[in-house]
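Structure, as structure tokens:
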Amino acid sequence: QVQLVESGGGLVQPGGSLSLSCTASDSIASFDFMRWFRQVPGKQREFIASIAKTGTTNYANSMKGRFTISRDNTKNTMNLQMKSLKPEDTATYYCNAGRVPYSYWGQGTQVTVSS
100 QVQLVESGGG LVQPGGSLSL SCTASDSIAS FDFMRWFRQV PGKQREFIAS IAKTGTTNYA
160 NSMKGRFTIS RDNTKNTMNL QMKSLKPEDT ATYYCNAGRV PYSYWGQGTQ VTVSS
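Position one of the sequence shown corresponds to residue 100 (our numbering), numbered consecutively onward.
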């Protein structure tokens, strides 16, 4: 069973930046996919970005330009750099990764954007 642990969440002011990390208990070099999602209570989980084994990235249209996904296979870590944060970015952020057909989720990290 692969474990994913998110970190880096916290309170940030509007316009600020934050960097999240997702560390896996297994080598991520063999993961077919790694993704970031976020969720607000009462709403569906929202896709943010993905990064493939090849390094190819994909972003939700609303996240392009402000969020950057990356992976470091040497540290078994996936990162999400967020800038120009807005109050509506407040959510619990989750990482999701795996090797088809297996998919694993982290426990989430809270990001709050508020003055």
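For each residue, glycine too, the CB sits at the ideal point set by N, CA and C. Note that this is a predicted model, so its numbers are computed, not measured.
For residue i, the first and last residue of its enclosing beta strand (DSSP E)
| i | result |
| --- | --- |
| Val104 | 103 to 106 |
| Gln209 | 208 to 212 |
Distance, residue j Cα to residue i Cα
| i | j | result |
| --- | --- | --- |
| Ile150 | Lys174 | 16 Å |
| Ser120 | Glu105 | 5 Å |
| Pro140 | Val101 | 26 Å |
| Ser214 | Lys185 | 10 Å |
For residue i, the residue or residues it bridges with in DSSP
| i | result |
| --- | --- |
| Thr176 | Thr122, Asp171 |
| Gly197 | Phe132 |
C-beta contact flag for residue i and residue j at 9 Å
| i | j | result |
| --- | --- | --- |
| Thr208 | Gly108 | yes |
| Gln180 | Ser118 | yes |
| Val111 | Val199 | no |
| Gly169 | Asn160 | Residue 169 is actually Ser in this sequence, not Gly. For Ser169 and Asn160, no; Cβs fall outside 9 Å. |
Beta strand (DSSP E) segments (min. 3 residues) lying fully within the stretch 106 to 165: 109 to 111, 117 to 123, 132 to 138, 145 to 151, 156 to 158
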